[in-house]
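Student: Residue numbers (our numbering), protein chains in the order written: chain B, 1 to 401; chain E, 1001 to 1401; chain C, 2001 to 2325; chain P, 3001 to 3325.
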Amino acid sequence: MTTQYSHEPAFLTGDEYSIPTFSLLGPDGQLYPGAKAPELEHDQARRIYRSMLATRILDERMLAAQRQGRLSFYMQCTGEEAAVIGATAALDDADMIMAQYREQGALVYRGFSFDEFMNQLFGNELDYGKGRQMPVHYGSRKLHYMTISSPLATQIPQATGYAYGQKLAGDGQCTLTFFGEGAASEGDFHAALNMAAVHEVPVIFFCRNNGYAISTPAVEQFAADGIAPRAFGYRMHVIRVDGNDILAVYQATQKARRIAVENNKPVLIEAMTYRSAAHSSSDDPSGYRLKKEEEEWREKDPVLRMKNWMLNKQWWSEEEEKELQESLRQEVLETMKRAQKRPAPALDTLVSDVYAEITPALQRQFDQLKTHIRKYPDAYPRGAQSLDPDVSVSTIDQGDS
Amino acid sequence: MTTQYSHEPAFLTGDEYSIPTFSLLGPDGQLYPGAKAPELEHDQARRIYRSMLATRILDERMLAAQRQGRLSFYMQCTGEEAAVIGATAALDDADMIMAQYREQGALVYRGFSFDEFMNQLFGNELDYGKGRQMPVHYGSRKLHYMTISSPLATQIPQATGYAYGQKLAGDGQCTLTFFGEGAASEGDFHAALNMAAVHEVPVIFFCRNNGYAISTPAVEQFAADGIAPRAFGYRMHVIRVDGNDILAVYQATQKARRIAVENNKPVLIEAMTYRSAAHSSSDDPSGYRLKKEEEEWREKDPVLRMKNWMLNKQWWSEEEEKELQESLRQEVLETMKRAQKRPAPALDTLVSDVYAEITPALQRQFDQLKTHIRKYPDAYPRGAQSLDPDVSVSTIDQGDS
Amino acid sequence: MPTMNLLQAINSALDIAMAEDEKVICFGEDVGIFGGVFRATSNLQGKYGKARCFNTPLVEQGIIGFANGLAAQGSVPVAEIQFADYIFPAFDQIVNEAAKFRYRSGDLFNVGGLTIRTPYGGGIHGGLYHSQSPEAYFAHTPGVKIVVPRNPYQAKGLLLAAIRDADPVIFFEPKRLYRASVGEVPEEDYQLPIGEAEVLKEGTDISLVGWGAQMEVIDKAVALAEEAGFSCEVIDLRSISPWDTETVVESVLKTGRLLITHEAPLTGGFAGEIAATIQERCFLYLESPIARVTGLDTPFPLSLEKEYMPDHLKIFEAIRQSVEF
Amino acid sequence: MPTMNLLQAINSALDIAMAEDEKVICFGEDVGIFGGVFRATSNLQGKYGKARCFNTPLVEQGIIGFANGLAAQGSVPVAEIQFADYIFPAFDQIVNEAAKFRYRSGDLFNVGGLTIRTPYGGGIHGGLYHSQSPEAYFAHTPGVKIVVPRNPYQAKGLLLAAIRDADPVIFFEPKRLYRASVGEVPEEDYQLPIGEAEVLKEGTDISLVGWGAQMEVIDKAVALAEEAGFSCEVIDLRSISPWDTETVVESVLKTGRLLITHEAPLTGGFAGEIAATIQERCFLYLESPIARVTGLDTPFPLSLEKEYMPDHLKIFEAIRQSVEF
Ligand SMILES: Cc1ncc(C[n+]2csc(CCOP(=O)(O)OP(=O)(O)O)c2C)c(N)n1
Ligand SMILES: Cc1ncc(C[n+]2csc(CCOP(=O)(O)OP(=O)(O)O)c2C)c(N)n1
Ligand SMILES: [Mg+2]
Ligand SMILES: [Mg+2]
């Protein structure tokens, strides 16, 4: 860039450039006048919609289960299904996804089964994470979905690094990382975007701007007009999109993927959406936001919007809807029961995977622990049963209490 | 802001908005056509110029002294005197300055004496920092100049906090923090600017974009056109200025200060300049940049530029120049000798100021140390002399070896 | 005297500190109108205004960087880190900055006004990232103080002392006890000393040392031990840094045995420091090896949390082994 | 066999690792064309290209975040942190991420390929921020390994082992010895074992344990001690995590006395962990208290660095005290 000089001490105020919101599908499920739907085949559209519905129903049921005390914790994707699933559908299924925690829709879309969900939620012996993390910390190697980590924003520079490795490997894949507008305040966000721009990395930074970080509204999170303008600071491609509009999200992410993979350039996508539910099962939003606001956003519901579009196109019917809803509810119930009945992970999962091989010192600690548990089996029913399946212990509390 | 919708999936690329460089004084010391000099009185102009010259000469002499092995380490401000001193001169003398390390010009301007500089550089008993930090880590409470800390960028969010306290105190002061374009890559930078914008804090973020972070050129530091565009991400007032143009820096900072203090809004200033010397006395730039580039920038020297302007205005003469140069060189020499002769800080400075009061455990450690030193005074000449000024020890190495 | 739980005691301390000194400023993620995810700062924004009690953006390094600057300016920041597990992005601002501020400037500047509050510890089904006890990381850092209260009464008195202390203090709150621990707490202002341990119970066979939530576990173990005929002396360290070496030394000189317990992993945990110091100071008086009952050298687990925790049975067994050595 | 200094030995290890496996990637501040501020990565960019050896922006949390992702992808990142004093902004990415990656995912994903190289330690007139020895902070973190070489031969063999190790390794380089320590180093590839201490000298009166630059100081102290008639056994721990407990136990069972030395402050330093473990394992065999000769509980000073350092005289005095206890 050649330097332009000015001889007036003029300050820019940050309002020079406003970034429009790309949108195709109105709240009524009709295309906006002049808007053109992206190419989306019948099968693909149905896969997307079924995933949205499955996510919605999984969330409803699991929150209810949490309320009944069947599991300790839950987080809903509700209201953000279009953002998450639209983005995922635009990727290659072998692209890496590094998510925050509220993106189970991506897993549903890629084919993570309800059994797999439930095993993690109940931390049983089949949980890939071996019952070590709180509910909703899913991961799947075969589905290229990085295991969730609670510390916020840490996955964002990791996504830059992962995608750098993909670029060197030359396999034509990219990485997409999801994060909230709150997490984007972390230092790791800044590091990730800057490094991606400098090193020309095929990574898509996908911000779910859902208006809140727990109780903190976006206006107390940043003074700017959203997250999108930050791209200027890194000279990065950017688009803002209506996050409740599945077609817009899908198309924007498709294009972003092309920029990433073909030009080796990172892209920032900001999806404007709303966290319709509480932050988590531990939260009650009535202390910090108005019912009215929640209702206004319910009008813009992304699942309903896509459903209407599908109905219009006659790619979907109310009968199918009803049938699918019922079968999904049924499946949730059955898989939940199955998962709940399964025993906890074996005792040695307490000490495995700290290192590739257990260290002598840790083995010593574990041996002492086993001796202790055998002395007091009643106090450690899970450990005791794992050590000796025949032992009878007074209480076994499967799942989390 | 009301949302604007677009129905085209258009990506911004980061090149939409280019930020001009505010400049008044050309490399020849003449105002650009159409440029208007800021109000700057004769006395103030002389104070500024004398500070620039004093900084230049201090740096020259101390680097030479380092080369002679008289001190262990040194860093020059050379080439950046206009950026640093122009900004400082635009502040109220009671505004807080939180600098990175290359801003000794600010201290010179505020009246830090050469004796004070030397005491720090030689870490003697009169060093305010009690000989604990490496050379150039100055600080002055009475001059509102925060003691330098080596970890980069940590002072930037601290400046936001300091200025927030000033705002609550309502004393009409603000804080200015200096940092390099390299340090601006740290996560702390992002945190600082975002928090300042959200909480409306009277802080000025002054970036010295001098083209390098040690050996790393700016193009490997960020892909964007400098640091200034980052202000868009925080909706923050911003100006880019020719950092070798004292008048432009002065005026821009004056205006920034008004925005900060009167409107409680943070401002980002990016001063485009060049690190004319090596990174530090430990560095040799010939391994990573061209002599040609260095020479090009020498043409734009900020001290010469101001001198020419002053000469033109007849606010300065070659005789004065010569006289001042000589007296400054003389003063450096004398103060250096004085400082070098002074003993090291007393032994108890090793353990004081860890906490407001020494803890019993540390007192125990210190008592043991004293016993040990008394046993081997020759091995610890500084400690031994501090404990017992009459002791004769074989070698006393004042200053750093 | 009113009855309070630990959260209410903390809230009361903050309320008193803010009412007394307008320089006291509370902030952190969600601490504003919501009062924090645990509600420790409930009603403070309403009472003292948004300028003195507010939400910050979600950036721990920024929160502590901001707090350091604010303290250097002369204010008295009380910054909340939502979970101790999330204090690590602020590690540099704590360890390299807050802890070294006074020393490096020769006391020209200091951040003595700073207090960092943060909930720590396990036993709440939190898994890896809602359970950690990171006190030992900070105990290796001269320049910051570390305080851990065991119950509401202690929490209020120690927090008021921390806020007014001339040095930066990290105040670890045992979140498992936030609502579970209830006790009498004076309405008024009072302080408890930082740097002084408290002997909660005298005994002759063994000294038991712990802090925070682990004191409750020790109590349970002592009940078993006394039943088995072992006389236990119980010490709440209260401050990890500086820690009250003399009180522990004195106790061990009497009992000849020492057991230390914490939730954090064994290796590099603070029990190691205590053991190393006491074996030196009490060498000729020790009748059995100093025992450590701690978490395993693993990240914090979830499904097998019970097995992981240094509970009363593990402590009881270690007491027995020590006395019967 | 050629003679190399410690920097050359490291450079040679990196060169071999990069030549052998194109997945090995070196990066950090100024490591590209400049070869790092100490020149440990000299010529690597020229040899292997900018894609595999490059400058990063100045952001430690980003460097390690990026490295974690790269390792998870299957590459073998060797990230440099310019000074160990500047590793703290990356503390969260190391302690919460790298260390817990495998565990939290049930080994679906891991960052075993990761190596972090960083120069540590004092004695170079570096003051607070160019002298720290932060190994103990990481030693309290299950999931990362910590290695510290004492000379060029060790450095090359241990670094090659670290790069190929299945777990993330922090490799602390004693920068005081970068040019000062010179020795014979094979041109070819070789590895030294991680997790195994080395007995450098046998003796009967006392066991001396250290690592890195401190081994040279121990040698000097031993010269004095042997002259005074004390027979010393010298152990280089080499790995801090995991540390080779058995070798130290075996030695102390024989000598009955133990001294540990490091530059980091006493409280919470890794000597505490060793002392705590050994007093337990060797209780009946100890003839005097385990001694620790370390830095003071202060930030690292400058003018009075000599007084601060745990030098050979302090070690010698502690040996005498221990043997004459
Ligand atoms: C480093 C870190 N700090 C704090 C938290 C606690 N925390 C969990 S979720 C959350 C809010 C996140 O908001 P946002 O990023 O907007 O995502 P959303 O929940 O809206 O999807 C907070 C503060 C955390 N998990 N990690
Ligand atoms: C956190 C941290 N990382 C690394 C360093 C080592 N370091 C000292 S100066 C420097 C370069 C700084 O460049 P810049 O911010 O552009 O300032 P300049 O030297 O150009 O004035 C580096 C990497 C440091 N001091 N602190
Ligand atoms: Mg959000
Ligand atoms: Mg620079």
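Here a beta-carbon is modelled for each residue, glycine too, at the ideal position from N, C-alpha and C. The structure presented is a predicted model; accordingly, all values stated were derived computationally and were not measured.
If we require 4 or more residues per run, which alpha helix (DSSP H) segments fall completely within the region 3089-3137 of chain P?
Tutor: Entirely contained in the region 3089-3137 of chain P, the alpha helix (DSSP H) runs reaching 4 residues are, in chain order, 3101-3104.
Student: Is DSSP giving E/ILE1396 helix, strand or coil here?
Tutor: Legend: pLDDT at E/ILE1396 = 49, less than 50; position of this residue unreliable, value from coordinates given subsequently. Residue state, collapsed to three classes: coil.
Student: Under 8 Å, Cβ to Cβ, is there at least one residue of chain E near P/TYR3178?
Tutor: It does not: the Cβ of P/TYR3178 has no partner Cβ on chain E nearer than 8 Å.
Student: At a Cβ threshold of 8 Å, is C/GLY2122 touching chain P?
Tutor: So, not an interface residue.
Student: Ignoring anything shorter than 4 residues or poking outside the region 1140-1183 of chain E, list the alpha helix (DSSP H) runs there in chain order.
Tutor: Whole alpha helix (DSSP H) segments, 4+ residues: 1155-1169.
Student: Using 8 Å as the threshold, is the C-beta distance between C/PRO2265 and C/VAL2293 below it?
Tutor: Cβ distance not < 8 Å, so C/PRO2265 and C/VAL2293 don't count as in contact.
Student: Just tell me which of B/VAL108, B/GLU181 and B/ARG141 has its CA closest to the CA of B/PHE206.
Tutor: B/GLU181
Student: Does ligand 5 have a heavy atom nearer than 7 Å to the CB of E/ASN1210?
Tutor: In terms of ligand content, the structure shown lacks ligand 5 and carries ligand 1, ligand 2, ligand 3 and ligand 4 instead.
Student: How should B/PRO33 be labelled, buried or exposed, when 16 other C-beta atoms within 10 angstroms of its C-beta is the threshold for buried?
Tutor: exposed
Student: With distances taken from CA atoms, which of P/VAL3031, P/GLU3135, P/TYR3137 and P/GLY3127 is nearest P/LEU3302?
Tutor: P/GLY3127
Student: Helix, strand or coil for P/HIS3262? Go by DSSP, reduced to three states.
Tutor: Three-state DSSP puts P/HIS3262 in a strand.
Student: Starting from the beta carbon of E/ILE1019, find every residue of chain B whose beta carbon is closer than 7 Å, and list them in chain order.
Tutor: LEU12
Student: Return the chain-ordered ranges of every beta strand (DSSP E) run that is complete within the region 2034-2086 of chain C and spans a minimum of 3 residues.
Tutor: Taking only runs of at least 3 residues, the beta strand (DSSP E) segments lying wholly in the region 2034-2086 of chain C are 2053-2055 and 2076-2080.
Student: Is P/PRO3002 buried or exposed, if buried means 16 or more other CB atoms sit within 10 Å of its CB?
Tutor: By the neighbour-count rule (16 or more Cβ atoms within 10 Å), P/PRO3002 is not buried but exposed.
Student: Check the C-beta distance from E/PHE1073 over to E/MET1118 and give it rounded, since I have them as a contact under 8 Å.
Tutor: In fact, because the Cβ distance is near 14 Å, the residues do not count as touching under 8 Å.
Student: Can you tell me which residues form a DSSP beta bridge with E/HIS1237?
Tutor: E/VAL1267
Student: Hey, would you say B/SER140 sits closer than 8 Å to P/GLU3097, going by beta carbons?
Tutor: no
Student: Would DSSP call B/ASP242 helix, strand or coil?
Tutor: strand
Student: Quick one: is P/GLU3273 near chain C, going by C-beta distance under 8 Å?
Tutor: yes
Student: Would you report the Cα separation of E/GLU1081 and E/ALA1277, rounded to the nearest angstrom?
Tutor: 12 Å
Student: In chain order, what residues of the same chain lie with their CB nearer than 6 Å to the CB of B/GLU331, ignoring the 5 residues before and after it?
Tutor: PHE114
Student: Per the DSSP calculation, B/MET98 is bridged to which residue(s)?
Tutor: B/THR177
Student: Classify P/HIS3130 as buried or exposed, calling it buried when 16 or more other Cβ atoms lie within 10 Å of its own Cβ.
Tutor: buried
Student: With a cut-off of 8 Å, do at least 3 Cβ pairs link the region 1371-1387 of chain E to the region 2167-2176 of chain C?
Tutor: no
Student: Using the rule of at least 16 other Cβ atoms within 10 Å of the residue's Cβ for burial, across every protein chain shown, is B/ALA327 buried or exposed?
Tutor: Reading off the sequence, residue 327 of chain B comes out as Ser, not Ala. With fewer than 16 Cβ atoms within 10 Å of its Cβ, B/SER327 is classed as exposed.
Student: Express the C-alpha separation of B/THR177 and E/PHE1011 in angstroms, rounding to a whole number.
Tutor: 18 Å
Student: Quick one: measure Cβ to Cβ for P/GLN3191 and P/ALA3166, integer angstroms, because I've assumed they're closer than 8 Å.
Tutor: Not a contact, Cβ separation roughly 13 Å.
Student: Span of the beta strand (DSSP E) holding C/THR2294?
Tutor: 2291-2295
Student: Which chain E residues sit within Cβ distance under 8 Å of B/ILE237?
Tutor: The sequence given here places His at residue 237 of chain B; Ile does not occur at that position. PHE1011, LEU1012, THR1013 and GLY1014, listed in chain order.
Student: If you reduce the DSSP assignment to three classes, tell me which class C/TYR2308 lands in.
Tutor: In the structure shown, the three-state DSSP call for C/TYR2308 is helix.
Student: Specify, as a first and last residue, the run of the beta strand (DSSP E) that C/ILE2235 falls within.
Tutor: 2232-2236
Student: Taking the straight line between their C-alpha atoms, what separation do you get for C/LEU2007 and P/SER3231?
Tutor: 58 Å
Student: Using the Cα positions of B/GLY79 and B/ALA256, report the straight-line distance between them to the nearest angstrom.
Tutor: 23 Å
Student: Of the residues P/PRO3289, P/LYS3306, P/GLY3123 and P/GLY3062, which one's Cα is nearest the Cα of P/GLU3324?
Tutor: P/PRO3289
Student: Any idea which residues DSSP pairs C/THR2003 with across the strands?
Tutor: C/GLU2184
Student: Taking the straight line between their C-alpha atoms, what separation do you get for E/TYR1234 and B/GLU186?
Tutor: 14 Å
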